[in-house]
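Take a look at the structure set out below.
2 protein chains.
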Amino acid sequence: MTYRAPLDDFRLLLNHIVGFDSVSKTARFEDATTETVEAILSEAAKMCEEVLTPLNRNGDLDPAVLENGKVRSSNGFADGYKAIADGGWVAVSADPEFGGMGLPLTVTTAVNDMMVSSNMALHLNPLMTQGQIEALEHHACDELKALYLPKLVTGEWAGTMNLTEPQAGSDVGALSSKAEPNGDGTYAITGQKIFISWGDNDFTENVCHLVLARLPDGVAGTKGISLFLVPRNIPDADGKPGEANSLKVVSVEHKMGIHGSPTCVMSFEGARGWLVGSEHDGMRAMFTMMNNARLGVAVQGVGIAERAYQQALAYANERKQGRTAEGSIIGHADVRRMLASMKADTFAARAIALSVAVALDMANATGDAEWQARAAFLTPIAKAFGTDTGIEVANTGLQVHGGMGFIEETGAAQYVRDVRVTAIYEGTNGIQAMDLVGRKLMDGGEAAYKLLDEIEAFAEGARAIMPDLAEPVWQASENLRETTEALVAREVSDRFAVAVPFLRGFARVLGGYFHLAAAMAKPDGAEAKLAAFYIKRLLPEHLGLLAHAREGADDLMGISPDDLAV
Amino acid sequence: MTYRAPLDDFRLLLNHIVGFDSVSKTARFEDATTETVEAILSEAAKMCEEVLTPLNRNGDLDPAVLENGKVRSSNGFADGYKAIADGGWVAVSADPEFGGMGLPLTVTTAVNDMMVSSNMALHLNPLMTQGQIEALEHHACDELKALYLPKLVTGEWAGTMNLTEPQAGSDVGALSSKAEPNGDGTYAITGQKIFISWGDNDFTENVCHLVLARLPDGVAGTKGISLFLVPRNIPDADGKPGEANSLKVVSVEHKMGIHGSPTCVMSFEGARGWLVGSEHDGMRAMFTMMNNARLGVAVQGVGIAERAYQQALAYANERKQGRTAEGSIIGHADVRRMLASMKADTFAARAIALSVAVALDMANATGDAEWQARAAFLTPIAKAFGTDTGIEVANTGLQVHGGMGFIEETGAAQYVRDVRVTAIYEGTNGIQAMDLVGRKLMDGGEAAYKLLDEIEAFAEGARAIMPDLAEPVWQASENLRETTEALVAREVSDRFAVAVPFLRGFARVLGGYFHLAAAMAKPDGAEAKLAAFYIKRLLPEHLGLLAHAREGADDLMGISPDDLAV
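Heads up: the protein sequence lines correspond to chains G and Y, in order. Residues 7 to 572 in the numbering used here are what the first sequence spells out, letter by letter. Residues 7 to 572 in the numbering used here are what the second sequence spells out, letter by letter.
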């Protein structure tokens, strides 16, 4: 169960596919040259391969547990976390003013990808901190920034996100946690939160909770929600963690996977908190965290896909069964098909995730609204397709192992169990799809059509050189354009019925585009063969998905709950 | 976590969709009237709902373990097994000469479906016994039959299948277990077997192992393999379990799911065995077991899909989140889509499985080779599509639960973990697909074309009444016919590269046919609405699958192991 960071894939993707050169050319990111990025990714790769990977199984076998009200983390996780923090890998993109490296989010995304592959459960801790850093950078007052950001950036302190309550999951606006002004500028936070990833740990000095709660004059729904920073230990005059705050971990959930990541039920009992942003404006800050986290979760799917692929490939190269030219099961056509599918889909999902990161970096560097719209449009696609791909690839990886895959010692099953949650948290994949066909088509399809224009222009340019690959991509894009037009013409509520197949159809076409670009960049390489595999065998899935997406809502909603009864 | 047996679905399927009336009309099965079958299924349903269902979670939480060389089963499983045995549910179709009910396999299939839904891990025990009974009925000598069958049929003794060895999984012919004649008509069996479901238990008097091994003069490969019956306790002169045989359970695997079913490593150390069938003819008997077992495993997929669906439906009806007309999340279009997909696919998978059973019953009752060919053709489709559907539906069921789905207490995750193995054992789904495009197309496509003729004739008859549904089914069938022709025209080895998408495409079209039949039978019912959902939204998946299936093998095999390296 080793892991080798896919540095060649990152090199190809950044330099030839997702347009990272534009990022390097901006004034903001001029230091992020190809050489610098290469050096940084190599360094991160080393830490992931050598330190985090060997700890991954510990998280599964020795789950984080609650002991005397404190979380005890899995054996070795404290050392793993120290390596992440010491290397500066918690917050690669954080503002240098507060100790960050100020590197593009694209670099963070690639580093996260490798950390997920090597240890998803542990990496979820710094991933939460990354979201908190971004929320504080954008919305906190200067005092809070000065006090908290340096500690979070170094990883001395960890951050969490406290959104969900038992009756308020996807419907965040239904939350009932309360905030009362203490009269000294602080607030007393009271309520119960569930599904809090890394709600506590035993390796950082402090744990800082970002908590959504409602002030006494907050209206019902999302518009009455405010965001508070609630530290486990209240910083003293020297900024050191002092007095314990009135909050606790009530329990740690028994989950299907990521056992190394304690999922906590948190109780806030008049805990002292500090307002982040304006009163009643918590949702805006939450969306900052969520957008960051959605890309982070997309990459969890990609990272697990990569790891599951590598393990399945190693097994297929070693396992002898039946007569093949290669001497191992990799010689069987169906095993080859499974491995090629895994690799091709992982590539597509990674390309989409990195495209979001590039668009965000360009938006940050240039302030251009078009890049912002591109990032906003691609984010739900990256999240849903990335995580669905993680789930599918992990399952295929298990299948490659045959009977051994079902035996826990092999490790393939852990990936299946770990990655399953990624389709759920930070907005279920159904919610992502509703976001795509709802909010992200409110521009009348402008962002979508710009992407399709880009795809078709590229396919037209490639047509003379690789007609077999360029033509199907162009055709698929046209089909997608017509489907998008059909959706835009409908009421938003009618689009929801087909949101999921539309999102997946869009992702399939994007995958075709990125594979075509890879083939054009490396026409004589393995990339071109894999692109042909994807475009001829996997891309056709869009036909059924888009046919589904062109159906209306009435037929579906006409199937009543009674019709569904057994 | 209750379960309600889908008796209405069975009624519709048997009476209107899969042609069970033909079975009832045969002399062999003339007792299996509609009324009798209804009564039997109702009785089985009661046992499943009331006795087996409440024990299901015990199997997961209190796994079967090895204690002092003996398997200790999960809490309550002994009682559950007693209810199965006492009700006569072990072997509904066994020969009345040996105490069986002699009912059609179609009835067994429906009963198995319900037992799987209520407790897959426990039901795997009698499922193995069913396979053993069928193998002995067909291949054992009269003395073995007289001694063993009455005990197996009542469930007093249990049966197992010992095929796999560490180096001989899918490639059974590579096995190294040995059989030496003892000179008294018995044989000494020596070797290690792995992945033996219910290799031991603590609730039957005896456990009878069917073991594949090679005689001293057996040639290498599958043609040198013989089958032996090796009881844990050697029956004494009165047919009572006596002296312990030289065999033992070495260990019980730690698996992703079905924790209640002990998966054993077995060691045979000169154990006394009796030959079943002729020397070196073990593979033929094994195929009898395997064919039975493949249908049984298909139904494991269907049964778990049903259970996961019922739980997700109950959750969706109760869970409040966001504003909907229904007051619960079932009012959200995407939740409705998920539930409709689950129900529609479960129906399709169940119809395919029952069609196999009907074809086997007709073949048994009439000796007609055409029915035999139909059963043989449909079996790999039923197995692969049934289990893939089980996996997909269980995953969708988990998704309907949102964050709660990932928490083990909810139960949704258990279905995902339990059902995962069904795509692997009794021949991986890749092997099923290779069987379909290889052995099952060796007739030049005759069995396939007969099925397609039947589908198209039905669709033509339905066209005037339900053109919106009949036409897409007819078109899909034509597309499938062309794809089948393309495959038949190729070398068998070239078909393997696209075997999986071809099998799934075939299943999708069969599902369209059965849904169309349901709509025609119940034009004003929920069935017609669900059929429209399937045909318009899920059936189009065949477009991408069949496009994939029409691709050749060269492009795939041209992706070398080096091309796949990271």
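Here a beta-carbon is modelled for each residue, glycine too, at the ideal position from N, C-alpha and C.
Task: Nearest neighbour of residue 323 (chain G), chosen from Y:521, Y:570, Y:203 and Y:86 [CA to CA] - done: Among Y:521, Y:570, Y:203 and Y:86, the Cα nearest to that of residue 323 (chain G) is on Y:570.
Open item on the list: On the DSSP letters alone, give me the boundaries of the alpha helix (DSSP H) that residue 295 (chain Y) sits inside.
Closed with: Looking at the DSSP string, the run of the alpha helix (DSSP H) that includes residue 295 (chain Y) is 288 to 324.
- [ ] Give a yes or no on whether 8 Å exceeds the smallest Cβ distance from residue 176 (chain Y) to chain G.
- [x] Contact with chain G is found for residue 176 (chain Y), since one of that chain's Cβ atoms lies less than 8 Å from the residue's Cβ.
- [ ] Could you round the C-beta distance between residue 343 (chain Y) and residue 562 (chain G) to whole angstroms and report it? I think they count as a contact, below 8 Å.
- [x] About 6 Å separates the two Cβ atoms, so the contact holds.
Open item on the list: Whether or not the region 185 to 197 of chain G and the region 144 to 153 of chain G are in contact is what I'm after, with contact meaning three or more pairs of Cβ atoms, one per stretch, closer than 8 Å; do they touch?
Closed with: These segments do not touch.
Task: residue 519 (chain Y) (DSSP reduced to helix, strand or coil) - done: Annotated three-state conformation of residue 519 (chain Y) is helix, per DSSP.
Open item on the list: 8 Å is my cut-off, CB to CB: does residue 323 (chain G) come that close to chain Y?
Closed with: It does: the Cβ of residue 323 (chain G) has a partner Cβ on chain Y nearer than 8 Å.
TODO: Quick one: residues in its chain with C-beta nearer than 6 Å to the C-beta of residue 210 (chain Y), no 5 flanking neighbours on either side, listed in chain order?
DONE: The residues 163 and 164, in chain order, have a CB closer than 6 Å to that of residue 210 (chain Y) in the same chain once the five nearest residues on each side in sequence are set aside.
- [ ] Tell me whether residue 566 (chain Y) is buried or exposed, calling it buried when 16 or more other Cβ atoms sit within 10 Å of its Cβ.
- [x] Residue burial annotation: residue 566 (chain Y) is exposed, with fewer than 16 other C-beta atoms found within 10 angstroms of its C-beta.
TODO: Check the Cβ of residue 412 (chain Y) against every Cβ in chain G and list those closer than 7 Å, keeping chain order.
DONE: Close partners of residue 412 (chain Y) in chain G (Cβ separation under 7 Å): 261, 262, 426, 427 and 430.
TODO: With DSSP as the reference, label residue 225 (chain Y) as helix, strand or coil.
DONE: The answer is coil: DSSP assigns residue 225 (chain Y) none of H, G, I, E or B.
- [ ] Could you say which of Y:64, Y:462 and Y:487 lies nearest to residue 480 (chain Y) if we only look at CA atoms?
- [x] The option with the nearest alpha carbon to residue 480 (chain Y) is Y:462.
Open item on the list: Quick check on DSSP: helix, strand or coil for residue 193 (chain G)?
Closed with: Three-state DSSP puts residue 193 (chain G) in a strand.
Task: C-beta contact flag for residue 123 (chain Y) and residue 409 (chain Y) at 8 Å - done: No, they are not a contact pair.
Task: Helix, strand or coil at residue 144 (chain G) [DSSP, three-state] - done: Helix at residue 144 (chain G).
Open item on the list: For a test of the three-state rule: what should DSSP assign to residue 182 (chain Y), helix, strand or coil?
Closed with: Here residue 182 (chain Y) sits in coil by DSSP.
Task: Per-residue contacts from residue 554 (chain Y) into chain G (C-beta, under 9 Å) - done: Those are 542, 543, 544, 546 and 547, listed as they occur along chain G.
Task: Distance between residue 546 (chain Y) and residue 212 (chain G) (C-alpha atoms, nearest Å) - done: When rounded, the separation of the alpha-carbon atoms in residue 212 (chain G) and residue 546 (chain Y) is 53 Å.
Task: 6 Å CB neighbourhood of residue 230 (chain G) in its chain, flanking five on each side removed - done: Cβ within range, chain order: 220, 224 and 286.
Task: Cross-strand partners of residue 202 (chain G) (DSSP beta bridge) - done: Looking at the DSSP output, residue 202 (chain G) shares a beta bridge with G:270.
Open item on the list: Tell me which residues share the same chain as residue 249 (chain G) and place their Cβ nearer than 6 Å to its Cβ, disregarding the 5 neighbours each side in the sequence.
Closed with: Around residue 249 (chain G): 240.
Task: C-beta contact flag for residue 15 (chain Y) and residue 353 (chain Y) at 8 Å - done: A contact, by the Cβ cut-off of 8 Å.
- [ ] List the residues of chain G that residue 565 (chain Y) touches, going by C-beta distances under 8 Å, in chain order.
- [x] Simply 342, 346, 532, 535, 536 and 539.
- [ ] With DSSP as the reference, please indicate the residues paired to residue 166 (chain G) in a beta bridge.
- [x] Beta-bridge pairing links residue 166 (chain G) to G:215.
Open item on the list: Suppose you measure from the CA of residue 90 (chain G) to the CA of residue 9 (chain G); what does that come to, to the nearest Å?
Closed with: Residue 90 (chain G) and residue 9 (chain G) have their C-alpha atoms spaced approximately 17 Å apart.
TODO: Return the Cβ separation of residue 511 (chain Y) and residue 540 (chain Y) in integer angstroms, given the expectation that the two are a contact with Cβ distance under 8 Å.
DONE: That belief does not hold up - the Cβ atoms of residue 511 (chain Y) and residue 540 (chain Y) are roughly 15 Å apart, past 8 Å.
Open item on the list: Among the candidates Y:434, Y:145, Y:72 and Y:121, whose CA atom is the shortest distance from the CA of residue 269 (chain Y)?
Closed with: Just measuring C-alpha positions, the residue of Y:434, Y:145, Y:72 and Y:121 sitting nearest residue 269 (chain Y) is Y:72.
Open item on the list: According to DSSP, simplified to helix, strand and coil, what is residue 399 (chain Y)?
Closed with: Helix at residue 399 (chain Y).
TODO: Compute the distance between the beta-carbons of residue 502 (chain G) and residue 440 (chain G), then report whether it is under 8 Å.
DONE: Yes; because the gap between Cβ atoms is below 8 Å, this pair is in contact.
TODO: Evaluate residue 568 (chain Y) with the Cβ neighbour count: other Cβ atoms within 10 Å of its Cβ, from every protein chain shown; 16 or more gives buried, anything less gives exposed.
DONE: Here residue 568 (chain Y) is exposed, its C-beta having fewer than 16 other C-beta atoms within 10 Å.
TODO: Out of Y:400, Y:55, Y:25 and Y:303, state which residue places its alpha-carbon closest to the alpha-carbon of residue 312 (chain Y).
DONE: For residue 312 (chain Y), the nearest C-alpha among the options comes from Y:400.
Task: Unbroken alpha helix (DSSP H) run spanning residue 258 (chain Y), endpoints - done: For residue 258 (chain Y), there is no enclosing alpha helix (DSSP H); the residue is part of the beta strand (DSSP E) that begins and ends at 253 to 258.
TODO: Whole angstroms is fine: what's the gap from residue 135 (chain Y)'s alpha carbon to residue 306 (chain Y)'s?
DONE: C-alpha separation (whole angstroms): 15 Å.
Open item on the list: For a contact defined as C-beta to C-beta under 8 Å, what are the partners of residue 503 (chain Y) on chain G?
Closed with: Simply 339, 340, 342 and 343.
Open item on the list: With H, G and I counted as helix, E and B as strand and the rest as coil, what does DSSP make of residue 261 (chain Y)?
Closed with: When DSSP states are grouped into helix, strand and coil, residue 261 (chain Y) belongs to the strand group.
Task: Beta-carbon contacts of residue 207 (chain G) that lie in its chain and below 7 Å, excluding the five residues immediately before and after - done: Here the set comprises 77, 79, 131, 164 and 213.
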